[in-house]
Every structure is written in structure tokens, then in C-alpha cells.
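To convert, count from 1 in the sequence shown and add 523; that's my numbering. Quick reminder that beta carbons are idealized off the backbone N, C-alpha and C, glycines included.
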Amino acid sequence: MLDEPSLPARPAISRRTVIGAAAWSVPVVALTVATPAHAASGGALDATGVVLTFTGPQWSSEFTLSGQLVLSPAAPAPTDVTATITWQGTGDNAGAQGMYVYGGGTPPIDAGVTGWTYLQGAPDNQLHPTVVLGNSAAAGTTSIPTVSIYDGDTSKPIMYGAETPNGGSAFWDGIITIRFSAAGYADAVLTVPYTQTVE
Numbered sequence: 524m525l526d527e528p529s530l531p532a533r534p535a536i537s538r539r540t541v542i543g544a545a546a547w548s549v550p551v552v553a554l555t556v557a558t559p560a561h562a563a564s565g566g567a568l569d570a571t572g573v574v575l576t577f578t579g580p581q582w583s584s585e586f587t588l589s590g591q592l593v594l595s596p597a598a599p600a601p602t603d604v605t606a607t608i609t610w611q612g613t614g615d616n617a618g619a620q621g622m623y624v625y626g627g628g629t630p631p632i633d634a635g636v637t638g639w640t641y642l643q644g645a646p647d648n649q650l651h652p653t654v655v656l657g658n659s660a661a662a663g664t665t666s667i668p669t670v671s672i673y674d675g676d677t678s679k680p681i682m683y684g685a686e687t688p689n690g691g692s693a694f695w696d697g698i699i700t701i702r703f704s705a706a707g708y709a710d711a712v713l714t715v716p717y718t719q720t721v722e
């Protein structure tokens with residue numbers, strides 16, 4: 524448990540176990556659009572307005588989400604949209620996979636994205652290989668907010684990528700990928716790398 528109950532609880536390897544000075548580089552966001560078999564001609568999801576921000580201290584891949592996912596054209600009927608979040612470790616953290624989703628506390632405090640529901644994974648402070656969130660867009664919807672929240676605070680992180688202990692330090696290097704999907708639309712994929720250096 525952390526000293527400050529207002530902050531998310533951490534799993535066994537916490538920032539307190541990290542030895543050495545670490546720094547992380549500014550992430551580079553790349554957007555790609557894949558066209559699955561179910562995509563309608565001309566329909567596409569656009570994640571260029573979705574922002575993933577690393578919020579933890581210099582040695583952590585904690586993050587928040589903000590911005591809007593755009594549907595083009597507008598949803599012709601009620602449309603289910605999913606956001607599939609994965610983490611793949613790289614470099615000294617190459618063996619790590621999965622996301623820790625913040626949750627717990629007294630009373631229970633859960634992390635999530637406003638308006639989205641967990642379909643896979645859960646806000647339980649445990650490691651999940653894949654986290655899937657869902658949102659139902661009403662007919663005529665052109666954009667869906669992607670604002671994450673923890674304990675009523677949109678600035679607090681909701682999850683972070685698994686780490687690997689190595690030589691007394693915990694490494695978080697890796698790539699967070701969020702794939703937005705909906706029937707009738709081409710997928711939008713948000714990929715954000717995190718790299719730290721330990722001196």
C-alpha cells in the first residue's frame with residue numbers, strides 16, 4: 524500500500540524498489556489504420572485526437588487517456604466500439620507483457636475511462652495480458668470521449684505496463700498499443716512507445 528491513499532495501489536514491484544536514476548524519453552505517437560474484413564467502404568475510426576500521456580515519475584510507464592475518437596461517417600445505427608489495450612516490453616523489459624489496471628482501496632476505488640465498460644481485464648491491481656473496454660455509440664454519433672479517470676481525478680494514471688526487475692532496477696521499456704474497432708469501420712491503432720534509461 525502507498526503512503527498516500529489517494530494514489531493508486533501498486534503491485535509487488537513498485538517505484539520504491541527502483542534503484543538508480545532513470546529518465547524517460549518523450550513518446551512518439553504513430554497512427555495507423557488497418558482495414559478488417561468487416562469494415563464498410565469509406566467508414567473509418569480516427570484516433571488522431573486520442574492522447575496517451577505518461578504521468579508517472581521518470582521510471583514508470585503509468586498513463587492517462589484524453590481526447591476524442593472520431594467515427595467517420597457518423598454511426599448509422601447504434602454501434603458497439605471496443606478499445607483493446609496491450610503492452611509489449613522492449614529492451615531490458617523485453618519479456619514483460621500485460622497491463623496492471625489500478626483498482627481497490629477503501630472504499631473500492633476503480634480506474635477506468637468515462638463512458639467505457641471493461642469487457643476484459645478489470646480494475647483490480649492485477650496483471651492482464653489484454654484489457655478491452657467497450658462503448659456503445661448511439662446513431663448519429665461522430666465522436667466518443669476517451670477521458671480516463673481514477674478516484675474522480677482525470678490526472679491520475681489508470682494503468683501501467685508490466686515491468687522486469689534487472690540488476691536492482693525495474694524496467695518499464697515497452698510499447699502501449701490501443702486498437703479501436705467497430706463493425707462497419709476500419710480500425711484505428713494508437714501506438715505509443717515508452718523508453719527509460721538507467722544510469
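Exercise for review: Per DSSP, which residues does S692 bridge with? Please list them.
Suggested key: By 1-based counting over the sequence shown, the position of residue 692 is 169. S692 is bridged to N689.
**Study point:** For F703 and A570, the rounded distance between their alpha carbons
**Key:** Looking up residue 570 in the sequence shown gives position 47. Looking up residue 703 in the sequence shown gives position 180. In a straight line, the C-alpha of A570 is about 8 Å away from that of F703.
Review point. How about the stretch 627–639 and the stretch 669–681: do they share at least three Cβ pairs that are nearer than 8 Å?
Key: yes
Practice item. Quick one: residues in its chain with C-beta nearer than 6 Å to the C-beta of G566, no 5 flanking neighbours on either side, listed in chain order? Key: In the sequence shown, residue 566 corresponds to position 43, counting from 1. Excluding residues within five positions, the ones whose Cβ falls inside 6 Å are G707, Y708.
Check your understanding: Would you report the Cα separation of T746 and A597, rounded to the nearest angstrom?
Key -> Nothing can be reported for residue 746: it is not among the residues displayed for the chain, which extend from 524 to 722.
Review point. Do P680 and Y641 come within 9 Å of each other at the CB atom, strictly closer than that value?
Key: Locating residue 641 in the sequence shown gives position 118, where the first residue counts as 1. Locating residue 680 in the sequence shown gives position 157, where the first residue counts as 1. For Y641 and P680, no; Cβs fall outside 9 Å.
Check your understanding: What is the residue span of the beta strand (DSSP E) that D647 lies within?
Key -> Translated into positions along the sequence shown, residue 647 becomes position 124. Counting along the chain, D647 falls outside any beta strand (DSSP E), and DSSP gives it neither H nor E.
Review point. Q508: which of Q719, D710, D696, T602 sits nearest, CA to CA?
Key: Here the chain has residues from 524 to 722 only, and residue 508 is not among them.
Check your understanding: Going along the chain, which residues of its own chain have a beta-carbon closer than 7 Å to the beta-carbon of G618, five neighbours each way excluded?
Key -> As a first step, residue 618 is located in the sequence shown; it is residue number 95 there, counting from the start. Once the five neighbours on either side are set aside, the close Cβ partners of G618 are G612, T687.
Check your understanding: What's the gap between the Cα of N616 and the Cα of T718?
Key -> The residue labelled residue 616 in the question sits at position 93 within the sequence shown. The residue labelled residue 718 in the question sits at position 195 within the sequence shown. Going from the Cα of N616 to the Cα of T718 covers about 10 Å.
Review point. Within this structure, are the beta carbons of L588 and V604 separated by less than 9 Å?
Key: Walking along the sequence shown from the start, residue 588 turns up at place 65. Walking along the sequence shown from the start, residue 604 turns up at place 81. No, they are not a contact pair.
Check your understanding: Considering only C-alpha positions, which residue in the set Q620, L568, T665, G684 is nearest to A606?
Key -> By one-based count along the sequence shown, residue 606 stands at place 83. A606 has its Cα closest to that of L568, out of Q620, L568, T665, G684.
Check your understanding: Three-state secondary structure (DSSP) at H561?
Key -> By 1-based counting over the sequence shown, the position of residue 561 is 38. Reliability of the predicted coordinates at H561 is poor, the pLDDT of 46 falling under 50, and the value obtained from them is presented with this limitation in mind. In this structure, H561 counts as coil in the three-state DSSP scheme.
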